Amino acid sequence: MKNGEKLVIVGCSGSGGPAAMLAKKLMPEVDITVIRKEEFFIVR
Amino acid sequence: MAGLATGQSIVVADKMLESAGIKVVQDEVTKVDPVNKTVTVAEGRVFSYDKLFLATGASAIMPPIEGKDLAGVMTLRGLPDAEKIKSYIAERNAVNIVFIGAGFISMEVASLLVENMERKLNVSIVEFMNRPLPLMLDKDMADVVQAYLEEKGLKIFTGEKAEKIVGNGKVDGVLLGSGKKLDADLVFINVGARANVELAEQIGLEMGRFGIKVNKYQETSNPDILAGGDCVEKINFITKKPTPGRLRGPAVMQGRLAAKRLAGYDIEFPGVLDAGGCKMFDMTVSATGFSEERAAEEGFQSVCATVDSRSKHVMIPGMKPWKIKLIFDKKTRKLIGGQIVSHAVAPAKEIDAVTAFILAGKTIEELTTFTCACNPDISSEPSAEPITVAAEQALQKLKL
Ligand SMILES: Cc1cc2nc3c(=O)[nH]c(=O)nc-3n(C[C@H](O)[C@H](O)[C@H](O)COP(=O)(O)OP(=O)(O)OC[C@H]3O[C@@H](n4cnc5c(N)ncnc54)[C@H](O)[C@@H]3O)c2cc1C
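This is the structure in structure tokens:
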């Protein structure tokens, strides 16, 4: 992805959370939004 | 569920994501427009994307059993469910608890409840197959687990079907196929999960039998949409056939792989082996690859070996026994599965070595020379190192 592009992630538990964290680390200039429906993401 | 950790302490904190510079929105995505590349949430906001990653997970299956809508019939997926179950048990002073399905979630929750409740519970587990943990263990290994759990007070009914949940407004029992009736203040159903694919279907993404179809880079049939975790269909590493593979390891790795793909890496996901673990009281079970039974179903002729070992050298106080079963493909002599039943936690993680050997295509002969890190306090004597001993036994069996 190029700098300034937008990544949207739906769900933030097992897969979405790690995807968001690593994507930000590898592509700091990409605009990342995580959307999840629950109040909390369980860590399991 | 056990009350050993607070709800807050086991969730991914928004703060962690936000302090990394990630925006967090708490809402349900109700629509994806793949042409204009936008997602819409329930309260109406619209977010545009260049790339979308779907990680919508799975939901517990509620089988079409009569009585499933009675108060006190529950499933467990996330923290809110766990809290609901706990408060139901406390408010109703529930004593008789029936689990339907003896998979790892039922077995862990059942043992945690018995271990952590002050009052004595009457816990029954009903399983259609002939053993507990049927997706992880063969009967010979599961028998050891069943005997241990029965000693701890769990009642395990194998080869039994829950025909009907009975009660008047709220549950008071479960009728089994054999005609037996189990008293129940709470029924906990754990018979599997189904991928959450509503959004993917709405977008028109290609679907597989077990979820969204993705390639080895987590890309879906839409080049701007990737997906990972429980909502996607996995590929079994050994057979290369589609499989559900709904476990946390693949979910995390697929999420991170998708991030790498978006950053320009070409790393492929190797497929899954369904490696997993389960702790019940002081017994830990772990498994990877195929069981002997599953190997046969997949058309493999297998050669198996089961070895008893110990967590420490025999003279060290606190030594605990453990057992490993390895399954090899007779034709290629390659390792294709392993199961561990252990009275100490640490040996159960030796399953990761088994996974690594399967991924590396190791054969019986190669494993006969495997040497472990050895120390009186942390391992068996090298002569009792069970992976090597199991490989030697398999070698002998092939000669016969
Ligand atoms: C009780 C229990 C115990 C488990 N224990 C283990 C274990 O010991 N080891 C193991 O390997 N696996 C375990 N698992 C399985 C493991 O939790 C899952 O494989 C893993 O969480 C999958 O991660 P995921 O991100 O794909 O899905 P999930 O963790 O289910 O996350 C999906 C998220 O997406 C959100 N979402 C879905 N649709 C939308 C939408 N339209 N809009 C916004 N958000 C949405 C959901 O609310 C959810 O938060 C366990 C599962 C359960 C239920």
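Chains A and B, in that order, give the protein sequences.
Its first residue numbered 633, the first sequence is counted upward by one per residue in our numbering.
Its first residue numbered 8, the second sequence is counted upward by one per residue in our numbering.
For every residue, glycine included, the Cβ atom is placed at its ideal position computed from N, Cα and C.
Fair warning: this is a prediction, and the values are worked out from it, not measured in the lab.
Throw me the rounded Cβ distance for the residue i and residue j pair, which I believe falls under 8 Å.
| i | j | result |
| --- | --- | --- |
| valine 361 (chain B) | methionine 290 (chain B) | Rounded, the Cβ-Cβ distance is 18 Å, inconsistent with contact. |
| arginine 262 (chain B) | glycine 236 (chain B) | For clarity, residue 262 (chain B) is glycine in the given sequence; the question names arginine instead. With 8 Å as the limit, glycine 262 (chain B) and glycine 236 (chain B) qualify as a contact, their Cβ atoms being about 6 Å apart. |
| serine 113 (chain B) | asparagine 222 (chain B) | The pair is not a contact, with the Cβ atoms about 34 Å apart (cut-off 8 Å). |
| lysine 341 (chain B) | glycine 368 (chain B) | 6 Å |
| arginine 253 (chain B) | alanine 200 (chain B) | 6 Å |
| serine 26 (chain B) | methionine 287 (chain B) | With 8 Å as the limit, serine 26 (chain B) and methionine 287 (chain B) do not qualify as a contact, their Cβ atoms being about 38 Å apart. |
| lysine 408 (chain B) | proline 257 (chain B) | Only positions 8 to 407 of chain B appear in the structure, and residue 408 (chain B) is not among them; the question remains open. |
| valine 6 (chain B) | isoleucine 667 (chain A) | A question about residue 6 (chain B) goes unanswered here, because the residues of chain B that appear run from 8 up to 407. |
| leucine 183 (chain B) | glutamate 158 (chain B) | Leucine 183 (chain B) to glutamate 158 (chain B), Cβ: 23 Å. No contact. |
| valine 121 (chain B) | valine 194 (chain B) | About 16 Å; that fails the 8 Å criterion. |
| serine 131 (chain B) | lysine 162 (chain B) | 4 Å |
| lysine 404 (chain B) | valine 310 (chain B) | 5 Å |
| aspartate 384 (chain B) | lysine 319 (chain B) | 6 Å |
| valine 102 (chain B) | arginine 126 (chain B) | 7 Å |
| lysine 327 (chain B) | alanine 351 (chain B) | 4 Å |
| glutamate 670 (chain A) | glycine 85 (chain B) | 6 Å |
Could you say which of the options lies nearest to residue i if we only look at CA atoms?
| i | options | result |
| --- | --- | --- |
| glycine 414 (chain B) | B:Lys188, B:Thr227, B:His350 and B:Lys162 | Outside the modelled stretch of chain B, which goes from 8 to 407, sits residue 414 (chain B), for which no answer is possible. |
| glutamate 213 (chain B) | B:Cys238, B:Gly199 and B:Val198 | B:Cys238 |
| glycine 108 (chain B) | B:Pro87, B:Phe164 and B:Leu280 | B:Phe164 |
| alanine 65 (chain B) | B:Lys171, B:Ile371, B:Cys381 and B:Ile219 | B:Ile219 |
| phenylalanine 377 (chain B) | B:Pro383, B:Pro139, B:Glu399 and B:Ala266 | B:Glu399 |
| aspartate 231 (chain B) | B:Val102, B:Phe288, B:Val42 and B:Ser386 | B:Val42 |
| arginine 301 (chain B) | B:Phe106, B:Phe335 and B:Cys285 | B:Phe335 |
| isoleucine 245 (chain B) | B:Val32, B:Gly278, B:Glu205 and B:Leu233 | B:Gly278 |
| alanine 78 (chain B) | B:Leu24, B:Val204 and B:Ile92 | B:Ile92 |
| leucine 136 (chain B) | B:Ala101, B:Ala169, B:Glu90 and B:Ile343 | Per the sequence shown, residue 136 (chain B) should be read as methionine rather than leucine. Closest by alpha carbon: B:Ala169. |
| lysine 634 (chain A) | B:Glu275, B:Tyr56, B:Gly306 and B:Trp329 | B:Tyr56 |
| methionine 148 (chain B) | B:Lys332, B:Glu357, B:Ala401 and B:Thr370 | B:Lys332 |
| isoleucine 343 (chain B) | B:Met326, B:Thr370 and B:Lys356 | B:Thr370 |
| methionine 653 (chain A) | B:Glu226, B:Gly211, B:Leu264 and B:Lys75 | B:Leu264 |
| threonine 227 (chain B) | B:Gly325, B:Phe60, B:Lys319 and B:Ala363 | B:Phe60 |
| asparagine 203 (chain B) | B:Ala191, B:Asp190, B:Phe217 and B:Val133 | B:Phe217 |
| valine 39 (chain B) | B:Ile96, B:Ile210 and B:Gly180 | B:Ile210 |
Check whether the Cβ of residue i lies closer than 8 Å to any Cβ atom in chain A.
| i | result |
| --- | --- |
| threonine 250 (chain B) | no |
| phenylalanine 54 (chain B) | yes |
| threonine 63 (chain B) | yes |
| glutamine 33 (chain B) | yes |
| glycine 262 (chain B) | yes |
| phenylalanine 307 (chain B) | no |
| alanine 266 (chain B) | yes |
| valine 46 (chain B) | yes |
| alanine 27 (chain B) | yes |
| glycine 85 (chain B) | yes |
| phenylalanine 195 (chain B) | no |
| arginine 201 (chain B) | no |
| valine 36 (chain B) | yes |
| alanine 360 (chain B) | no |
| glycine 283 (chain B) | no |
| phenylalanine 111 (chain B) | no |
| valine 413 (chain B) | The structure shown has nothing for residue 413 (chain B), since chain B only spans 8 to 407. |
| leucine 206 (chain B) | yes |
| glycine 235 (chain B) | yes |
| aspartate 57 (chain B) | yes |
| alanine 270 (chain B) | yes |
| leucine 24 (chain B) | yes |
| phenylalanine 60 (chain B) | yes |
| lysine 93 (chain B) | no |
| arginine 255 (chain B) | yes |
| lysine 409 (chain B) | Beyond the ends of chain B as shown, which are 8 and 407, falls residue 409 (chain B); an answer cannot be given. |
| alanine 294 (chain B) | no |
| valine 321 (chain B) | no |
| valine 442 (chain B) | Outside the modelled stretch of chain B, which goes from 8 to 407, sits residue 442 (chain B), for which no answer is possible. |
| methionine 214 (chain B) | no |
| valine 259 (chain B) | yes |
From the beta carbon of residue i, is the nearest beta carbon of chain B less than 8 Å away?
| i | result |
| --- | --- |
| glycine 643 (chain A) | yes |
| arginine 676 (chain A) | Residue placement at arginine 676 (chain A) cannot be trusted, given a pLDDT of 47 that sits under 50; the coordinates are not used to answer. |
| methionine 633 (chain A) | yes |
Under 7 Å: does the beta carbon of residue i sit that close to some heavy atom of ligand 2?
| i | result |
| --- | --- |
| asparagine 100 (chain B) | Ligand 2 is not part of this structure, which contains only ligand 1. |
Does the structure place the stretch 136 to 148 of chain B close enough to the stretch 291 to 300 of chain B that three or more beta carbon pairs sit under 8 Å?
Yes, the stretch 291 to 300 of chain B is in contact with the stretch 136 to 148 of chain B.
Validate contact between the stretch 257 to 273 of chain B and the stretch 652 to 670 of chain A using beta carbons, cut 8 Å, 3 pairs
Contact between the stretch 257 to 273 of chain B and the stretch 652 to 670 of chain A is present, because at least three Cβ pairs lie under 8 Å.
Three or more C-beta pairs closer than 8 Å, one from the stretch 56 to 70 of chain B and one from the stretch 640 to 657 of chain A: is that the case here?
Yes, the stretch 56 to 70 of chain B is in contact with the stretch 640 to 657 of chain A.
Inspect the CB distances between the stretch 309 to 323 of chain B and the stretch 387 to 398 of chain B and report whether three or more fall short of 8 Å.
Contact holds: three or more Cβ-Cβ distances are below 8 Å.
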